[in-house]
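Here is the structure we will look at.
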DNA sequence: ACGCCCTTGTGAAAGCACGCACAAAGTGGG
DNA sequence: CCCACTTTGTGCGTGCTTTCACAAGGGCGT
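And the structure:
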């Protein structure tokens with residue numbers, strides 16, 4: 112614990128790096144569970160499916176947490192990434208929509224890891240209100256505002272049909288939620304201060320179809336080079 | 112139908128553009144349903160949540176399908192984008208995992224739009240094999256290879272727990288599937304010729320948490336600027 | 001038939017992201 | 001105590017993305 116520069120990072124982690132940190136975190140937690148104490152950038156990169164230089168550069172944005180000639184201390188790095196991502200505090204999440212998707216989300220064990228607490232699961236359908244899902248009782252959509260303020264919900268998850276999504280989003284925003292995760296296939300309109308992320312099955316399928324067509328349309332001009340996967344064998 | 116250059120695009124649409132085409136397509140279909148025949152890049156961009164210059168450049172990669180001073184013919188553009196994405200042919204999709212997530216996917220009406228056909232919904236749990244979901248009977252995982260070859264499945268969807276994902280993926284690959292959509296929170300290992308896309312709830316949540324923390328940690332250095340959303344009012 | 005006005009399509013510039021390759025830094029053996 | 005080896009952290013070149021700004025093209029009113 113030498114004093115170091117005391118100024119590891121100076122704010123401003125590239126968005127592309129932020130998007131990969133959760134992947135590194137998961138890989139590290141897997142290593143930790145297997146009792147591995149130290150890992151090199153090469154090994155961690157391989158576990159996370161990225162280039163090792165990219166991994167090192169990503170981590171360098173958080174500070175100098177590695178030891179040359181040795182690698183990274185797994186537990187320490189888990190802690191640093193968790194802290195950077197804001198997972199050392201708990202975030203309350205409200206899920207709207209208790210259909211199959213909402214239930215799948217609610218059952219998503221421990222919500223990735225810890226750090227997220229499902230404060231409520233709401234639905235507009237009287238038929239499902241009152242059901243128990245993942246140890247939670249489904250509440251009525253009309254209690255959204257109460258739940259958000261009582262439970263200090265900071266992240267809203269929208270798992271309702273497309274036509275209802277903007278309405279739910281507006282209510283979240285009105286209630287003070289500034290982070291929204293949207294599973295409905297619509298573009299949400301929100302004020303600039305609100306952060307929206309989208310998860311969209313049909314978009315992913317269509318992107319796959321595009322590349323599949325490439326492969327089928329006679330020899331493609333370039334290999335698929337999927338943005339995410341396409342790694343070589345272990 | 113003037114002869115034009117007959118060489119509208121020459122192969123090689125940027126990946127970033129491909130990822131946005133489905134969004135444009137959906138926006139256009141919405142316009143078409145409302146009976147709108149023509150749209151300007153400005154209006155379409157607004158509906159899709161992007162910058163109009165970006166939209167024009169994206170569309171220019173497909174060819175010159177607009178009319179200066181007027182805009183784009185909605186139906187024609189729908190057709191061109193569909194064709195480019197490979198949606199004018201049908202793709203057979205097999206979903207493995209008939210839990211809440213698998214069911215949610217199977218029920219995802221018309222699978223976005225048309226273009227995708229669910230050839231099978233499979234599960235390893237004898238308890239759910241035989242259930243009817245979305246007009247489909249859940250089959251046993253052991254029939255995966257048969258289904259893939261009999262139904263000419265080209266896209267495999269993995270909606271199983273993390274520990275089972277790699278195994279299912281291997282079976283898909285072995286059976287000849289070259290496009291995989293993975294919902295399990297693991298990095299899949301596949302040969303280079305296979306295209307994998309990942310949808311991961313907990314990663315999205317963690318990215319939101321990062322930005323939320325930024326907002327909370329005193330005035331952020333920069334506004335959130337969510338990759339996806341954060342548009343202004345209509 | 002002419003000219004005004006609107007909107008597309010695209011050069012050019014700026015900003016990011018990626019990956020190579022290497023110097024710096026730390027470990028362990030002799 | 002020194003040297004050989006390992007692995008990090010990063011400067012730099014390259015290519016992709018985004019955005020601006022505007023010339024070219026086409027419709028419409030007169």
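Protein chains in written order, with my numbering: chain A, 112 to 345; chain B, 112 to 345.
The beta-carbon is built from N, C-alpha and C at its ideal position, and this holds for glycine as well.
Chain-ordered neighbours of residue i on chain B, where CB pairs are closer than 9 angstroms
{"i": "residue 156/A", "result": "Neighbours of residue 156/A on chain B: none; closest Cβ ~11 angstroms, over 9 angstroms."}
{"i": "residue 225/A", "result": "Result: empty, since nearest Cβ-Cβ is about 11 angstroms, beyond 9 angstroms."}
{"i": "residue 323/A", "result": "197, 202, 265, 266, 289, 290 and 306"}
Residue i versus the options, residue with shortest Cα-Cα distance
{"i": "residue 327/B", "options": "266/A, 296/A and 280/A", "result": "266/A"}
{"i": "residue 237/A", "options": "246/A, 208/A and 134/A", "result": "208/A"}
{"i": "residue 284/B", "options": "273/B, 264/B, 323/B and 296/B", "result": "264/B"}
{"i": "residue 303/B", "options": "290/B, 242/B and 125/B", "result": "290/B"}
{"i": "residue 257/B", "options": "288/B, 247/B, 278/B and 227/B", "result": "288/B"}
{"i": "residue 313/B", "options": "127/A, 123/A, 131/A and 126/A", "result": "131/A"}
{"i": "residue 141/B", "options": "155/B, 151/B and 227/B", "result": "155/B"}
{"i": "residue 124/A", "options": "173/A, 178/A, 151/A and 136/A", "result": "173/A"}
{"i": "residue 251/B", "options": "260/B, 261/B, 240/B and 259/B", "result": "240/B"}
{"i": "residue 268/A", "options": "309/A, 146/A, 262/A and 260/A", "result": "309/A"}
{"i": "residue 215/B", "options": "301/B, 163/B and 247/B", "result": "247/B"}
{"i": "residue 143/A", "options": "188/A, 163/A and 181/A", "result": "188/A"}
{"i": "residue 262/B", "options": "230/B, 282/B and 249/B", "result": "230/B"}
Residue i burial status per 10 Å Cβ neighbour count (16 or more: buried)
{"i": "residue 193/A", "result": "buried"}
{"i": "residue 370/B", "result": "The requested residue 370/B does not occur in the structure, where chain B is confined to residues 112 to 345."}
{"i": "residue 225/A", "result": "exposed"}
{"i": "residue 330/B", "result": "At residue 330/B, the pLDDT of 49 sits below 50, so the modelled position is not reliable; the number obtained from the coordinates is stated separately. By the neighbour-count rule (16 or more Cβ atoms within 10 Å), residue 330/B is not buried but exposed."}
{"i": "residue 296/B", "result": "buried"}
{"i": "residue 273/A", "result": "exposed"}
{"i": "residue 279/A", "result": "buried"}
{"i": "residue 293/A", "result": "buried"}
{"i": "residue 161/B", "result": "buried"}
{"i": "residue 169/B", "result": "buried"}
{"i": "residue 175/A", "result": "exposed"}
Proximity of residue i and residue j at Cβ, strictly below 9 angstroms
{"i": "residue 232/B", "j": "residue 205/B", "result": "yes"}
{"i": "residue 358/B", "j": "residue 320/A", "result": "Only positions 112 to 345 of chain B appear in this structure, which leaves residue 358/B out of reach."}
{"i": "residue 244/B", "j": "residue 217/B", "result": "yes"}
{"i": "residue 186/B", "j": "residue 148/B", "result": "yes"}
{"i": "residue 136/A", "j": "residue 152/A", "result": "no"}
{"i": "residue 196/A", "j": "residue 324/B", "result": "yes"}
{"i": "residue 234/B", "j": "residue 210/B", "result": "yes"}
{"i": "residue 311/A", "j": "residue 322/B", "result": "no"}
{"i": "residue 150/A", "j": "residue 183/A", "result": "yes"}
{"i": "residue 298/A", "j": "residue 127/B", "result": "no"}
{"i": "residue 203/B", "j": "residue 228/B", "result": "yes"}
Contacts that residue i makes with chain B (C-beta to C-beta distance below 7 angstroms)
{"i": "residue 160/A", "result": "298"}
Chain A contact residues for residue i, given Cβ-Cβ distances below 8 angstroms
{"i": "residue 275/B", "result": "Neighbours of residue 275/B on chain A: none; closest Cβ ~14 angstroms, over 8 angstroms."}
Residues that residue i contacts on chain A, provided the C-beta gap is smaller than 7 angstroms
{"i": "residue 130/B", "result": "318"}
{"i": "residue 137/B", "result": "296"}
{"i": "residue 326/B", "result": "289"}
{"i": "residue 282/B", "result": "What residue 282/B touches in chain A: nothing, since even the nearest Cβ is about 16 angstroms away."}
{"i": "residue 214/B", "result": "211"}
Per-residue contacts from residue i into chain B (C-beta, under 8 angstroms)
{"i": "residue 219/A", "result": "312 and 313"}
{"i": "residue 134/A", "result": "298 and 314"}
Closer than 8 angstroms: residue i CB and nearest the ligand MG heavy atom
{"i": "residue 236/B", "result": "Among the components modelled here there is no ligand, and therefore nothing to report on the ligand MG."}
Inside the region 298-325 of chain B only - beta strand (DSSP E) runs reaching at least 3 residues:
Taking only runs of at least 3 residues, the beta strand (DSSP E) segments lying wholly in the region 298-325 of chain B are 306-309.
Which whole runs of the beta strand (DSSP E) in the region 195-279 of chain A are 3 residues long or more, in chain order?
With a minimum length of 3 residues, the continuous beta strand (DSSP E) runs that stay inside the region 195-279 of chain A are 202-207, 227-234 and 264-269.
Quick one: which unbroken alpha helix (DSSP H) runs of 4-plus residues sit fully inside the region 124-197 of chain A? Chain order, please.
As far as the region 124-197 of chain A is concerned, its whole alpha helix (DSSP H) runs of at least 4 residues are 126-144, 152-159, 163-171 and 185-196.
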